[in-house]
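Everything on this sheet refers to the single structure shown next.
Numbering (full-length UniProt numbering), first residue to last: 1 to 315.
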């Protein structure tokens, strides 16, 4: 399958702490690392490792961090034909602090990512794909937003069906809020977590939020609910799909787990699986991704999924 992915690529500075620091407090982390990251990069890398042909549209700066941000993208064989470089903006970086009990805080800079030039978008590349995957960080602002909106239109109007997967992100929803709803409803598959769902709809419960999206025309929604797994929703069904904890492994870093979930869900859907089957595979992949430090450090392969979600296992 051919996927066209739009989203950020970043350099992630990760700090694992006993507790988050108070204002003015200096702390020594339990562990510190620097890894390639970004939702677009992680989705693209995951799909490539699952055996697909992937083109990633993103923008980096003309600086030393650029090659590092793209290092896993290159290793995985993702096409860089749609990667742009900005001479005036630095490659995006994220500083992330998190604790073992799941608390975390982030400092992120869209930087070069937001400069993705829509004039360089090639219609044929979108129309020639089997699916378009968009991360909501690409819908925040600037040229990148125009690039992403145009790509969605190309996919929706293509003569050959090009399903659109839109994955929300906490930072994007916190910044744009309900302003993302209209474009989210133009997706064939919308993936997001509980916080993002409620912020998108200004509701206080999952059921109320899904009801609102359904009345507005949503077709397929997948809600990531952490340790409980995920909820799949269509106008005719709602189902909780149980989590798939990694056997014999410990969750150490959730960075990028949601992006891995989204990529694996799209992989399974296009491979012919039902929504429930796809969500279960995505649950397993997201959990496996969290057993390594860094968003792109634990390779998820088809063999991994076959072990985690064997054929015939209850969905």
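By construction, the Cβ of each residue, glycine as well, lies at the ideal position given by its N, Cα and C atoms.
Host alpha helix (DSSP H) of residue i (start-end)
i: residue 23; result: Where residue 23 is concerned, there is no enclosing alpha helix (DSSP H), given that its DSSP letter is neither H nor E.
i: residue 144; result: 142–157
i: residue 123; result: 123–127
i: residue 181; result: 181–184
i: residue 175; result: 170–176
i: residue 317; result: Shown here, the chain extends from 1 to 315; a query on residue 317 therefore has no answer.
i: residue 307; result: 302–308
Where residue i sits in the DSSP three-state scheme
i: residue 220; result: coil
i: residue 18; result: coil
i: residue 13; result: strand
i: residue 236; result: coil
i: residue 297; result: coil
i: residue 104; result: strand
i: residue 109; result: coil
i: residue 67; result: helix
i: residue 163; result: coil
i: residue 246; result: coil
i: residue 203; result: coil
i: residue 132; result: strand
i: residue 90; result: coil
i: residue 50; result: coil
i: residue 42; result: helix
i: residue 314; result: Any reading at residue 314 must be qualified, since the residue scores a pLDDT of 42, below 50, and its modelled position is unreliable; the value itself is stated next. Note: residue 314 maps to coil in three-state DSSP.
i: residue 290; result: coil
i: residue 273; result: coil
i: residue 7; result: coil
i: residue 187; result: coil
i: residue 328; result: With the chain running from 1 to 315 in the structure shown, residue 328 is simply not present.
i: residue 56; result: strand
i: residue 241; result: strand
i: residue 213; result: helix
i: residue 192; result: strand
i: residue 79; result: strand
i: residue 61; result: strand
Between the CA atoms of residue j and residue i - distance to the nearest angstrom
i: residue 369; j: residue 6; result: Because residue 369 is not part of the residues shown, which for the chain are 1 to 315, the question remains open.
i: residue 75; j: residue 37; result: 14 Å
i: residue 13; j: residue 65; result: 12 Å
i: residue 267; j: residue 86; result: 31 Å
i: residue 246; j: residue 283; result: 10 Å
i: residue 68; j: residue 158; result: 35 Å
i: residue 197; j: residue 223; result: 8 Å
i: residue 125; j: residue 26; result: 48 Å
i: residue 211; j: residue 141; result: 28 Å
i: residue 209; j: residue 236; result: 16 Å
i: residue 70; j: residue 48; result: 14 Å
i: residue 57; j: residue 24; result: 39 Å
i: residue 227; j: residue 278; result: 17 Å
i: residue 203; j: residue 271; result: 34 Å
i: residue 309; j: residue 269; result: 15 Å
i: residue 102; j: residue 160; result: 42 Å
i: residue 118; j: residue 139; result: 12 Å
i: residue 200; j: residue 178; result: 5 Å
i: residue 83; j: residue 9; result: 10 Å
i: residue 300; j: residue 307; result: 11 Å
i: residue 285; j: residue 151; result: 27 Å
Inter-residue CB distance, residue i and residue j (contact presumed, cutoff 8 Å)
i: residue 294; j: residue 255; result: 7 Å
i: residue 127; j: residue 162; result: 6 Å
i: residue 181; j: residue 241; result: Actually they are not in contact, since the Cβ atoms of residue 181 and residue 241 sit about 24 Å apart, beyond 8 Å.
i: residue 250; j: residue 287; result: Residue 250 to residue 287, Cβ: 11 Å. No contact.
i: residue 221; j: residue 186; result: Their Cβ separation, rounded to whole angstroms, is 13 Å, which puts residue 221 and residue 186 out of contact at 8 Å.
i: residue 116; j: residue 144; result: 4 Å
i: residue 97; j: residue 20; result: 6 Å
i: residue 291; j: residue 46; result: At roughly 14 Å, the Cβ-Cβ gap does not stay under 8 Å, so residue 291 and residue 46 are not in contact.
i: residue 60; j: residue 91; result: 5 Å
i: residue 316; j: residue 95; result: Because the chain is modelled from 1 through 315, residue 316 falls outside the range shown and cannot be assessed.
Terminal residues of the beta strand (DSSP E) in which residue i lies
i: residue 33; result: 31–37
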